[in-house]
Amino acid sequence: MSNMNLYDTIPNNVNLSDDKKLKRALEKWLPDFQSWWMDMGPEGFQANDVYLRTAIDVDPKGWAHFDHVKMPDYRWGIFLAAQEKDRKIGFGDHMGKPVWQEVPGEYRGMLRRLIVTQADTEPASVEQQRLLGQTCPSLYDLRNLFQVNVEEGRHLWAMVYLLHGYFGRDGREEAEALLARRSGNPDKPRILGAFNEPIEDWLSFFMFTMFTDRDGKYQLLALAESGFDPLSRTTRFMLTEEAHHMFVGETGVGRVVERTAQLMKEGNDDVRKAGGVDLPLIQKYLNLWFTLSLDLFGGEVSSNAADFFASGLKGRQKEDRLDEHTALDQYYNLNVFRDGKRTMEEVPLRNALNEVLRDSYVDDCQRGVDRWNKTLEEHGINFELKLPHRSFHRHIGEFANVHFDPEGNFLSDEEWDKRKDEFLPSEEDKVFVKSLMHAVREPGKIANWIAPPKRGINGQPFEFEYVRLS
Amino acid sequence: MSTTVSAHEPVNFQTHPDRYHHWKLSIDGDRANLVLDIQEDKPFRGDYLLKLNSYDLGVDIELADAIDRLRFEHPEVKVVVLSSGKDRVFSAGANIRMLGQSDHGFKINFCKFTNETRLAMEDASKHSNLRFLAALNGITAGGGYELALACDDLVLVDDDNSAVSLPEVPLLGVLPGTGGLTRVVDKRKVRRDLADIFCTLSEGVKGKRAVDWGLVDAIAPRSKFEDVVNERTENLKSQVKERSGKGIEWSPVTFTEDGPSRTYEYVTLKCDLEERTATITIQGPGTDAPASAADFREKGVNSWALRAFRELDNALLHLRFNMPECGLILIKTHGVNANVLAVDNFLNDNRDDWYVNEVLTYQARVLRRLDLMAKSIFALIEPRSCFAGCLFELALAADRSYLLDDDNEDRDKAPEVALGPLNAGTYPMTHCLSRLEVRYSGDQSKVDELIKQGTFDPQDAEDAGLVTFVLDDIDYEDEVRVAIEERASLSPDALTGMEASLRFPGSENCDSKIFGRLSAWQNWIFFRPNAVGEKGALKLYGQPTRPEFDWKRT
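Chains as they are written, first to last, in the working numbering: chain A, 1 to 470; chain B, 1001 to 1554.
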C-alpha cells in the first residue's frame, strides 16, 4: 500500500528522499540519536541478537515482522498511518474545516509544547529502564523489555520527525534538547516528574508498562484526533505499537499474581519466605504506579486542556463515538476537596477534559485489574486487588498537598506519615523486591517469583532463545 | 463568574514580617534572603487561588514593606537575594483570575503600586548601597520576570526547561504592565527585534539564549545553582559600601479615623465626599531640628522629616485605593518656614550619613508618589503656612497653587515661600529632573538664582513664577471655591490624562516611560473589548472558549 522506503538510511513512508532539507536535518540528528542510544539505552546488551518485531509497513500485515537483530541495527524510522482523504477537524472551534497539513501559525507554540512533552517521555522511559536487563526473570521477559525500549526509541523518531519537518529551527533545537535531557539528572531532568524516577526492579517495570504506558496510550488517542494531520497520523501508528507495551505490563503483573497464587496454594503461609511477592505488596506497587500515572493527565481543571481542545489540537479519545464535539455549554461534575471535605463541583466541560480522559483511563485500568482478580479467583484465593481512590497519593491537581487513604478518606499529615507504609512500598518492601531480582538467562527457565507466559512471541515456544547471549 | 471586586474593606498597606503570608525575610550577616513562597489559599480578597507563586496586591504590600525594612532596619545588609520557596517555579506573575475579577480602577492602582515597589528596589540599588539578585530556579513568567528585571543580577537555572517569559501579549492580549517591556529594551538593552520575538513567545527563552539576548545575566545547572548564586552574591557585595551603625525600628504609621478622614501626628486628611475633594494639611516641624546624625537616628520613625512623609505616603495610598471619587487634592501646610529649612539644612549637611540619605530618598519617593496620583492637586498657600524647602516641593508638584496675600497687621502676616538646598535636585521626579528644573524648562541658571535668593514674599513669588495665583483676601476665598467646583466638574478621565501629560515636561527615562508610555497603553488595552469584552483574551483566559478579536487596528 504505502510508499515504504525501508532500506533508506532512515526508513520511512513519508517520501523523505524527495524532501532534501528534511532528510539532511534528520540525517544530522541520526548520529546523535545513535550515540544517545549507546549511552543511555539498555546497558550491556547492544551486541546481542534480540528477537524483535520491526515495523516494515503501516498496514496490519506489515507492522509485525519478527527477526533476530542487534538493537543498534533496529530499523528506527518514520511511519505514519495512511492519510485519510478529505479528513475534517472533528471537534473544537474549527470543527468541520479541513485538517491542517502545515502548522497553523497561531498555534505553533502550543502545538510544539504538546509534541515536545509527549516526545520527552519516549527516551525518558528507555533511560529509566536501562539497567533492568541485568536482572531479567527470563529471556522472554528480557526480549519484551528490549522490544518496549526500541519502540520507545522509534516513538522518539516519530515525534522528532514532526519537530524537524514542521517547526523549523525551533523544532531542530527541541529535537536536540530531547537527547540532552536525562531521566533523573538534577541538572537536565525530563519534563514530567514520573519520568525521572529510576525503574530498578521488574515489578515496577510491569507496573510502569501497565499504568504509565497506558497514560501514553490515552494521550496518543487524544492526539490521534488532532486537526494537525501529521500529528494525528503519527500517533495513530504509534498506538499499534503501544498496545504491546500494555500487554507486557498487564500480563507481567498477571504472571506475578499467578505465581503468588500458586505459592499460596502450595501451602506457603509466608509468600515472601517462599521467594514470591505477597499480594499486599503487589497492591502497594499498584497503588504507587497507578497514582503516579494519574498525575500525568494534569490538573482536573485546566485552561491548557481547554485551549488545546478549542483550537482543535488535542481532542477526546474516539471523538467520533461522541454525539457532540464542541464541548461548549456543558458541565462536568468534578470530585474536589473543599473545606476539609470531598465534594462535587460543576466545571465547564472544556476545562475538565484532562479529567474526562482520566475517566476512560481508570476504566481501562480496571479491566486489567479485573483480569488479575479472575486469576486469584480461579486459584480460590480470597483477595481482591483494587485501584485506589483517585484522591489518594496525588501530587497534581485538586488533591495535591492533602492526604487520603486508598479508599479516599481524608488523613491528617500526621496520620499519613504514620500510615503511608501501609499503602505504598516501604524501604523495606523495596529492599525485599530487589532481593528477588536475579537474572535468569537460560532459555526456558524463569525466576521463582513469576509464572511463565501462556504463550511465546510470534508462535514461538517459551524455551525459544529470544535473546542470544553468547 | 465571580463577582467583581468593588465593595470591600479599605486596603491597609502596613504589615510586618511576622504577619507575612507570602514572603520569608531572613537576614544572614550582610545578605538578606527574601523567599517568595506564596500561600495559594490566601488571596488578598476574592476567591481566586494564587497558584504557581502568582501574586496579587497582598503579596506586593509585603514586598514593599520588606524593601523599606531592608533599607531602614538592616544597614548591615548589602545584597538581597530574591528566590522562590517553590520547586521549579520562581513566579508565574500577577494572578490572572485576580485581574479578571478586579474592576478597572483596582487593576490600574495595583499596577501602579507594583511599579512603584519595583522602582523602590532600583532606587535602593542606586542610592542605598543595596544590591538585588534574582535567583530564578524555574518558571519565571510575566510579572515574575518583571520582578526579576528590577534586580541587578539575574541568575536562571539551566535545566533545558526553565525559561524567562513575558507571555502577556500572546496569552492574555494585554501588556506586561509592571515595566517588563520597558526594562527589557531600556534597562537590559535587549535588541529591539529580539525583544519583539521574546515578547510574543509565550514559552519564553531559556538557557544560553537567555544570556546571549541579555534577558538574564547568568545561567547555572541545577546542581551548581546555589554555588553560582552565592558566588555572584559575594561579587555584588564587593560593589557596595558599608552602611555603618544600627538601623531604626520601622514601626507602623498610626492615625485615628473619622469615616474616610484620617488624623496623623503631622498630617491630617479630610475627605469631602460631597465636594469630591481631599484636603491634606501637613504640620511643619518645631524648633527642635536634629543636633547630630546620631541624635536624628535615635529618634527613628519619630523624627519629623521621616514621620511626616510616612504619614503623607499613607494618606496618598489611602486616597488612591480607598477614595477613588475624591478627584482633587488640596494641599496645605502649617508651621514656620525657618523650622522646615533648619531640618532641610541639617539633612543636607549630613547627607553622607547612610541613614540621613535613606530619609532623603524616602521623602523623594513619597513626592514621586504624589506626582503620580491620578488626581488633580492644588496647593493652597495661606497665612501661617510653611511651604519651604522640602515642603515647597508639594507646591511644585501641584497642578496649580493659590497664595492668599493677606497682609493685615491685625491678623496674620502674608505667607512667604522659601527654597532651600534640597530643592536643587535632592527630590528628582520620576524622569530624574528636579521639580524646579521642570518648572523652568531646564533653565539651570534661573534655578540656581532662585535657590540663592531663598525667601519670596507673595509678589516675588508671583514674579518668579513659583506660584500660580496671588490673590488678596477679597478675592481668594471665592476664586479658590470656583476653581475647586470647576475642577470637580471636569471629566476625571480627561483630567488624569491631561495632568499626566503636563506634569512631566522634559526628557524621558526608563522609569517615566513605565508610568507614561507603558501604563497609558496598558490602561487603554485594559479597557478594550479585545482584552475585557465578553470575548476578550483576558476575560476568557482559563475559560473554555477562545477569544475573538476585532481585527481593526486603532
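The C-beta atom is built at its ideal place from N, Cα and C for all residues, glycine as well. Every value quoted in this text rests on a predicted model; they were computed, and no experiment measured them.
(1) Let's test the definition: count the other Cβ atoms within 10 Å of the Cβ of S1002/B and tell me whether it reaches 16, buried, or not, exposed.
(2) When the Cβ atoms of the stretch 354-370 of chain A are set against those of the stretch 288-306 of chain A, are three or more pairs found closer than 8 Å?
(3) Taking the alpha-carbon of F383/A as reference, which of L279/A, Q460/A, G249/A has the nearest alpha-carbon?
(4) For L1273/B, count the other beta carbons within 10 Å of its own beta carbon; 16 or more makes it buried, fewer makes it exposed. Which is it?
(5) Taking C-beta to C-beta, are L1347/B and E1382/B nearer than 8 Å?
(6) Which first and last residues belong to the alpha helix (DSSP H) in which P230/A is found?
(7) Assuming L1147/B and S1091/B make a contact with CB atoms under 8 Å, what is their CB distance in whole Å?
(8) So is S125/A in contact with chain B if we call contact Cβ pairs under 8 Å?
(9) Give me the subset of the stretch 1191-1202 of chain B whose CB atoms are less than 8 Å from a CB atom of chain A, sorted by chain position.
(10) Can you name, in chain order, every residue of its own chain whose Cβ lies under 6 Å from the Cβ of L1057/B, other than the five neighbours on each side?
(11) Less than 8 Å separating the beta-carbons of Q1101/B and Y1145/B?
(12) Return the Cβ separation of G249/A and M207/A in integer angstroms, given the expectation that the two are a contact with Cβ distance under 8 Å.
(13) Give a yes or no on contact between the stretch 1011-1021 of chain B and the stretch 445-461 of chain A, applying the rule of three or more CB pairs nearer than 8 Å.
(14) Within the 8 Å Cβ cut-off, does P1544/B reach chain A?
(15) In angstroms with no decimal places, state the Cα-to-Cα distance between M1/A and G62/A.
(16) According to DSSP, what are the bridge partners of N5/A?
(17) Which two residues bound the contiguous beta strand (DSSP E) that contains S1026/B?
(18) Show which residues of chain B have a CB atom less than 7 Å away from the CB atom of P198/A.
(19) Work out the CA separation of K1206/B and N373/A for me, nearest whole Å.
(20) Under a CB-based cut-off of 8 Å, is M1001/B close to chain A?
(21) Does the beta-carbon distance from G1085/B to V1164/B come in below 8 Å?
(22) Check distances from the C-beta atoms of the stretch 1521-1553 of chain B to those of chain A and list, in chain order, the residues that come in under 8 Å.
(23) At the 8 Å Cβ level, is I191/A part of the contact set with chain B, yes or no?
(24) Using a Cβ-Cβ cut-off of 6 Å (strictly less than) and excluding sequence neighbours within five positions of S1006/B, which residues of its own chain qualify?
(25) Which value, in whole angstroms, describes the spacing of the CA atoms of P1547/B and R1528/B?
(26) Check the C-beta distance from Q129/A over to N149/A and give it rounded, since I have them as a contact under 8 Å.
(27) Closest to G1284/B by CA distance: which of R1307/B, D1295/B, V1301/B, E1275/B is it?
(28) Report the three-state DSSP secondary structure of H1127/B (helix, strand or coil).
(29) So which of I78/A, D329/A, V402/A, Y74/A has the shortest CA-CA distance to D417/A?
(30) Report all residues from its chain with a CB closer than 8 Å to the CB of F309/A; omit the five preceding and five following residues, and keep chain order.
(31) What is the C-beta distance between K1555/B and L1328/B, in whole angstroms, given that I count them as a contact (C-beta under 8 Å)?
(32) Is the shortest distance between the beta-carbon of R113/A and the beta-carbons of chain E less than 8 Å?
(33) In terms of residue numbering, what span does the alpha helix (DSSP H) encompassing V1480/B cover?
(34) Between T343/A and chain B, is the shortest Cβ-Cβ distance under 8 Å, so that the two count as touching?
(35) At a CB-CB cut-off below 7 Å, which residues of chain A make contact with N1161/B?
(36) Starting from the C-beta of F423/A, find all residues in its chain whose C-beta is less than 6 Å away, skip the five residues before and the five after it, and write them out in chain order.
Taking the structure as given:
(1) Any reading at S1002/B needs caution, since the residue's pLDDT is 37, under 50, leaving its predicted position unreliable; the model's value is listed next. The residue in question, S1002/B, is exposed, as its Cβ has fewer than 16 Cβ neighbours within 10 Å.
(2) yes
(3) L279/A
(4) Per the 10 Å Cβ criterion, exposed.
(5) no
(6) From DSSP, the alpha helix (DSSP H) with P230/A extends over 229-265.
(7) 7 Å
(8) Among the CB atoms of chain B, none fall inside 8 Å of the CB of S125/A.
(9) L1201, S1202
(10) F1044, F1110
(11) no
(12) 7 Å
(13) They do not touch, by the three-pair rule.
(14) yes
(15) In this prediction, M1/A scores a pLDDT of 42, lower than 50, which makes its location untrustworthy; the coordinate-derived value is nonetheless stated afterwards. Roughly 10 Å separates the two Cα atoms.
(16) N12/A
(17) Segment 1023-1028, the beta strand (DSSP E) holding S1026/B.
(18) By Cβ distance, chain B contributes nothing, its closest Cβ being about 17 Å from P198/A, past 7 Å.
(19) 49 Å
(20) Low confidence applies to M1001/B: its pLDDT is 34, below 50, so where it sits in the model is not reliable enough to give any reading.
(21) no
(22) Taking 8 Å as the Cβ-Cβ cut-off against chain A, the residues of the stretch 1521-1553 of chain B that qualify are Y1541, G1542, Q1543, P1544, T1545, R1546.
(23) yes
(24) Any reading at S1006/B needs caution, since the residue's pLDDT is 42, under 50, leaving its predicted position unreliable; the model's value is listed next. So the list reads D1103, once near-sequence residues are dropped.
(25) If you take the alpha carbons of P1547/B and R1528/B, they lie about 13 Å apart.
(26) 6 Å
(27) R1307/B
(28) In the structure shown, H1127/B sits in a helix (DSSP, three-state: H, G or I).
(29) V402/A
(30) Residues F91, G92, G315, R316, A327, R350, L353 of the same chain have their beta carbon placed closer than 8 Å to that of F309/A, with the five preceding and five following residues left out of the count.
(31) With chain B represented from 1001 up to 1554, any question about residue 1555/B goes unanswered, as that position is not in the structure.
(32) Protein chains in the displayed structure are A and B, and chain E is not among them.
(33) 1476-1489
(34) So no, T343/A is outside the interface.
(35) I191
(36) N287, P406
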